[in-house]
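Trainee:
Residue numbers (full-length UniProt numbering): 1 to 539.
1) Can you give me the start and stop residues for the beta strand (DSSP E) that residue 283 sits inside?
2) In whole angstroms, what is the alpha-carbon distance linking residue 478 and residue 531?
3) Checking 7 Å against the spacing of the C-beta atoms, do residue 299 and residue 280 come in under that value?
4) Could you tell me the alpha carbon to alpha carbon distance between residue 452 and residue 390, rounded to whole angstroms?
5) Starting from residue 566, follow its DSSP beta bridges and name the residues at the other end.
6) Who pairs with residue 450 in a beta bridge, going by DSSP?
7) Between which two residues does the beta strand (DSSP E) holding residue 275 run?
8) Give the DSSP bridge partners of residue 364, in chain order.
9) Return the Cβ separation of residue 212 and residue 332 in integer angstroms, given the expectation that the two are a contact with Cβ distance under 8 Å.
10) If distances are taken between C-alpha atoms only, which option among 289, 234 and 474 comes closest to residue 241?
11) Assuming residue 533 contacts residue 505 under a Cβ cut-off of 8 Å, what Cβ separation, rounded to an integer in Å, is found between them?
12) For the ligand SAM, any of its heavy atoms closer than 6 Å to the Cβ of residue 317?
13) What are the start and end residues of the alpha helix (DSSP H) that includes residue 171?
14) Quick check: what's the CA-CA separation for residue 408 versus residue 310?
15) Under 8 Å: do the segment 367-382 and the segment 487-503 share three or more Cβ pairs, one atom per stretch?
16) State buried or exposed for residue 124, treating a residue as buried only when at least 16 other CB atoms are found within 10 Å of its CB.
17) Comparing C-alpha positions only, which one of 268, 287, 323 and 484 sits nearest to residue 294?
18) Can you tell me whether residue 449 is buried or exposed, with buried defined as 16 or more other CB within 10 angstroms of its CB?
19) Give, in chain order, every unbroken run of the alpha helix (DSSP H) that is at least 4 residues long and sits entirely within the segment 94-119.
20) Per DSSP, what are the beta-bridge partners of residue 512 in this structure?
21) What residues in its chain sit with their C-beta under 6 Å from that of residue 87, if we drop five residues either side in the sequence?
22) Given residue 412, which residues of its chain have a CB within under 6 Å of its CB, disregarding the five upstream and five downstream residues?
23) Suppose the cutoff is 6 Å on Cβ atoms and the five residues either side in sequence are ignored; what does the same chain contact list for residue 79 look like?
24) Out of 192, 224, 363 and 46, point me to the one whose CA is closest to residue 24's CA.
25) For the 8 Å Cβ check, are there 3 or more pairs between the segment 326-342 and the segment 204-219?
26) Helix, strand or coil for residue 257, going by three-state DSSP, please let me know.
27) What do you get for residue 419, buried or exposed, if any count of 16 or more other CB atoms within 10 angstroms of its CB means buried?
28) Quick one: Cα of residue 427 to Cα of residue 156, how far?
29) Can you tell me whether residue 435 is buried or exposed? The criterion is at least 16 other CB atoms within 10 Å of its CB, across all chains shown.
30) I'd like to confirm the pairing. Which residues does DSSP put opposite residue 340 in its beta bridges?
31) Out of 121, 287, 27 and 77, state which residue places its alpha-carbon closest to the alpha-carbon of residue 89.
32) With H, G and I counted as helix, E and B as strand and the rest as coil, what does DSSP make of residue 475?
33) Is it buried or exposed for residue 214, if we count other Cβ within 10 angstroms and need 16 for buried?
34) Restricting to Cα atoms, I'd like to know which of 15, 329 and 267 is closest to residue 255.
35) Within 10 angstroms of the Cβ of residue 307, are there 16 or more other Cβ atoms? Answer buried if so, exposed if not.
36) With DSSP as the reference, label residue 348 as helix, strand or coil.
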């Protein structure tokens, strides 16, 4: 088993399962089964160090031209009109094989003297020896000599072969960590496992409204998500008031993530939290000094939040305290002080996808949206036409996807207009993300359910009934306003449990919602399923 850093160690590892948990497994039973190249140290390569230290000028190579430009006529060569500086920039930009071809095709390039800057460019990003960044720390006497010597021995050296193999994975990590050089985590320090000597301790959880996802405490089993390394706070005795908010980002192989925040008031006083990268900041300006009531945050996102779950951090009053928690690179938890002690509305305290619903609508599901609802797995919503259900009378069918014999994990809705598409479920927001989750009943496979609805004649969904255990739904049927009940899952499941009915409070069903099971592969299965309804009449 190998630590999963988001890559396959240069194509020598693959994903598998230990029980219900997805793990990364080496393709070799032990290091003894690996080839000499895979066993070689890709970091310490003695032959490379020797080549750098003892590089001497060499006289001939495949690029060296024996032609004398003064004896050649290059009048018809279009490159003849370019100054030497432009010609040199062209060859520095091109890959080495293309440079060789160009020198064979053009008399001007055939007689161009290749400078040391050209040979040094062969070690820059995008060229054949870009996986040797240490050469710039101790430059050779001759870049040309080093380049030519590498062509002689590097292909036969196990360490160089292993370095080349893993470089893409190492490069991403190297570039990410490079952004953190000389970058401090700003703000009032709060004690954590990494910084236990800090004078301030973390405020009581009940005193904060917190947005975070899959945070694992030190010493607990860690298979994904985040661990908090540093915590910072900022206090605002008169409530947070600002004219400018700056958001700092860190660039990782998985995309941009928020790394820090800065708030600036009209008096020029500012508060900073987290890692600030001045070259990667976005600024939000307000026309005047304004109080901030809260935030809306999207997880796994920096940019367009359309494809990511989100939640609110608001209360009845402004913000007096902000607590931010960070891993080694980015913001992983954001809190504000709690004013209201009663349980907030679901729209204000839970994680939603694709958008946070209005507090004016009814949400009625198999399980209540109370304090026991997980904030790690988002609640997915689908509306039958904008936010007012205007297309429900055009609905023609409901299709279900049944995973692993009896686990209902997707609903798709068809309408008279084929351009209208609505779907609920089967979107992966679990810790162990994979298309191949472990099967409970491998002999049965997957199947589909289908229900036709005559929406044009006024037939509509009225309620639903499910069979479920403590975690997941495994049978589903819909009741229609025409006294028709249709099963849309397999009727031969192995469970003998009663049916539970879900009926909307509102007069008009305008959509549905679902939530995946927290400990059963996320949205691969339904943990909760219900209706979105309203008492407002459709126009």
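In this text, a Cβ means the ideal position worked out from N, Cα and C, and glycines have one as well.
Mentor: So, from the data block:
1) For the purposes of this step, residue 283 is taken as residue 283 along the chain shown, with counting starting at 1. Segment 281-291, the beta strand (DSSP E) holding residue 283.
2) Along the chain shown, one-based indexing puts residue 478 at 478. Along the chain shown, one-based indexing puts residue 531 at 531. Going from the Cα of residue 478 to the Cα of residue 531 covers about 12 Å.
3) The residue you call residue 299 lines up with position 299 of the chain shown. The residue you call residue 280 lines up with position 280 of the chain shown. It is not a contact, given that the beta carbons lie outside the stated cut-off.
4) Along the chain shown, one-based indexing puts residue 452 at 452. Along the chain shown, one-based indexing puts residue 390 at 390. Going by the C-alpha atoms only, they are around 19 Å apart.
5) Here the chain covers residues 1 to 539 and nothing more, so residue 566 does not appear.
6) Looking up residue 450 in the chain shown gives position 450. Residue 450 is bridged to 399.
7) The residue given as residue 275 occupies position 275 in the chain shown. Its beta strand (DSSP E) spans residues 270-275.
8) Taking the first residue of the chain shown as position 1, residue 364 is located at position 364. Note: residue 364 sits in a beta bridge opposite 531.
9) Here residue 212 is taken as the residue at index 212 of the chain shown, counted from 1. Here residue 332 is taken as the residue at index 332 of the chain shown, counted from 1. Correct: roughly 6 Å between the Cβ atoms.
10) Stepping through the chain shown from its first residue, residue 241 is reached at position 241. Nearest of 289, 234 and 474 to residue 241, Cα basis: 289.
11) Reading the chain shown from its first residue, position 533 is the one you call residue 533. Reading the chain shown from its first residue, position 505 is the one you call residue 505. Right, the Cβ-Cβ distance comes to about 6 Å (below 8 Å), so this counts as a contact.
12) The ligand SAM is not part of the structure shown, which contains no ligands of any sort.
13) The residue labelled residue 171 in the question sits at position 171 within the chain shown. Per DSSP, residue 171 belongs to the alpha helix (DSSP H) from 158-178.
14) As a position in the chain shown, residue 408 is number 408, starting the count at 1. As a position in the chain shown, residue 310 is number 310, starting the count at 1. So the alpha carbons of these two residues sit roughly 25 Å apart.
15) no
16) For the purposes of this step, residue 124 is identified with residue 124 of the chain shown, where counting begins at 1. So residue 124 counts as exposed.
17) One-based indexing of the chain shown puts residue 294 at position 294. It is 323 whose Cα lies nearest to the Cα of residue 294.
18) Taking the first residue of the chain shown as position 1, residue 449 is located at position 449. Looking at its Cβ environment, which holds 16 or more other Cβ atoms inside 10 Å, residue 449 is buried.
19) 96-105 and 107-110
20) As a position in the chain shown, residue 512 is number 512, starting the count at 1. Partner(s): 382 and 531.
21) Position 87 of the chain shown holds residue 87. Same-chain partners within the cutoff: 112.
22) Locating residue 412 in the chain shown gives position 412, counting from the first residue. Around residue 412: 399 and 423.
23) As a first step, residue 79 is located in the chain shown; it is residue number 79 there, counting from the start. Here the set comprises 106 and 108.
24) Sequence index remark: in the chain shown, residue 24 carries index 24 (1-based). Nearest of 192, 224, 363 and 46 to residue 24, Cα basis: 224.
25) yes
26) Position 257 of the chain shown holds residue 257. Correct three-state label for residue 257: strand.
27) Against the chain shown, residue 419 aligns to sequence position 419. Classification for residue 419: exposed.
28) Working through the chain shown from its first residue, we reach residue 427 at position 427. Working through the chain shown from its first residue, we reach residue 156 at position 156. Caution is warranted here: a pLDDT of 48 is assigned to residue 427, below 50, making its placement in the model unreliable, and the coordinate value is therefore given only provisionally. The straight-line gap from Cα to Cα measures roughly 47 Å.
29) Your numbering for residue 435 matches position 435 in the chain shown. Low local confidence applies: a pLDDT of 47 at residue 435 is under 50, so the model's placement there is unreliable, and no value is given.
30) To locate residue 340, count along the chain shown from 1; it is residue 340. In DSSP, residue 340 forms no bridge with anything.
31) Here residue 89 is taken as the residue at index 89 of the chain shown, counted from 1. Nearest option by C-alpha distance: 121.
32) Numbered from its first residue, the chain shown carries residue 475 at position 475. Of the three classes helix, strand and coil, the one that applies to residue 475 here is strand, per DSSP.
33) Taking the chain shown and counting its residues from 1, the one referred to as residue 214 is at position 214. Label assigned to residue 214: buried.
34) Here the question's residue 255 lines up with position 255 in the chain shown. Of the candidates 15, 329 and 267, the one whose C-alpha sits nearest the C-alpha of residue 255 is 329.
35) By one-based count along the chain shown, residue 307 stands at place 307. Looking at its Cβ environment, which holds fewer than 16 other Cβ atoms inside 10 Å, residue 307 is exposed.
36) Start at 1 with the first residue of the chain shown, and residue 348 comes out as number 348. Correct three-state label for residue 348: helix.
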